[in-house]
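Colleague: Using my numbering, read the sequence shown as starting at 4 and increasing by one per residue.
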Amino acid sequence: MLRRLIRVYSLLISPFLGRNCRHLPTCSAYADEAIRRHGNWPGLWLSLARFLRCGPFGTSGYDPVPEELPARALWYMPWRYGHWTGRHIDPDTRLD
Numbered sequence: 004m005l006r007r008l009i010r011v012y013s014l015l016i017s018p019f020l021g022r023n024c025r026h027l028p029t030c031s032a033y034a035d036e037a038i039r040r041h042g043n044w045p046g047l048w049l050s051l052a053r054f055l056r057c058g059p060f061g062t063s064g065y066d067p068v069p070e071e072l073p074a075r076a077l078w079y080m081p082w083r084y085g086h087w088t089g090r091h092i093d094p095d096t097r098l099d
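Rendered as structure tokens:
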């Protein structure tokens with residue numbers, strides 16, 4: 004269900020907003036892959052962390068979905084799923 008909503012956004016809304024994403028992959032592609040790879044609950048929190056990093060003073064560059072979830076992440080502490088800062092992004096791939 005969540006992946007369908009992301010797909011609808013990507014096909015119907017995103018083209019009118021233009022391609023302004025500061026990261027690769029785009030935020031919608033990141034969210035789709037995070038949910039596909041890790042499930043709805045962790046994928047939603049990973050996507051939220053990514054979306055919040057994508058502001059004017061946020062991070063940029065190549066930021067793929069993590070292969071594995073952090074060991075310290077638990078379903079009842081979902082904020083531990085995401086990277087809330089850009090320290091994990093390789094400085095050579097940054098766009099700012």
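Think of the CB as a built atom: it goes at the ideal place given N, C-alpha and C, for glycine as much as any other residue. Note that the coordinates shown come from a computational prediction; the quantities given were computed from them, not determined experimentally.
Output yes or no for whether 9 Å exceeds the beta carbon distance between Tyr-84 and Ala-76.
Modeller: Yes, they are a contact pair.
Colleague: Within 10 Å of its beta-carbon, does Trp-48 have 16 or more other beta-carbons around it, so buried, or fewer, so exposed?
Modeller: With 16 or more other Cβ atoms within 10 Å, it is buried.
Colleague: Going by Cα to Cα distance, which pick from Arg-40, Pro-67, Ser-13, Tyr-79 is closest to Gly-89?
Modeller: If we check each option's Cα against that of Gly-89, Pro-67 comes out closest.
Colleague: Excluding the 5 residues preceding and the 5 following Ile-50 in the sequence, name in chain order all residues of the same chain whose CB lies nearer than 6 Å to its CB.
Modeller: Note that residue 50 is Ser in the sequence shown, not Ile. Same-chain partners within the cutoff: Ala-34, Ala-37.
Colleague: Classify His-91: buried if its beta carbon has 16 or more other beta carbons within 10 angstroms, exposed otherwise.
Modeller: With fewer than 16 Cβ atoms within 10 Å of its Cβ, His-91 is classed as exposed.
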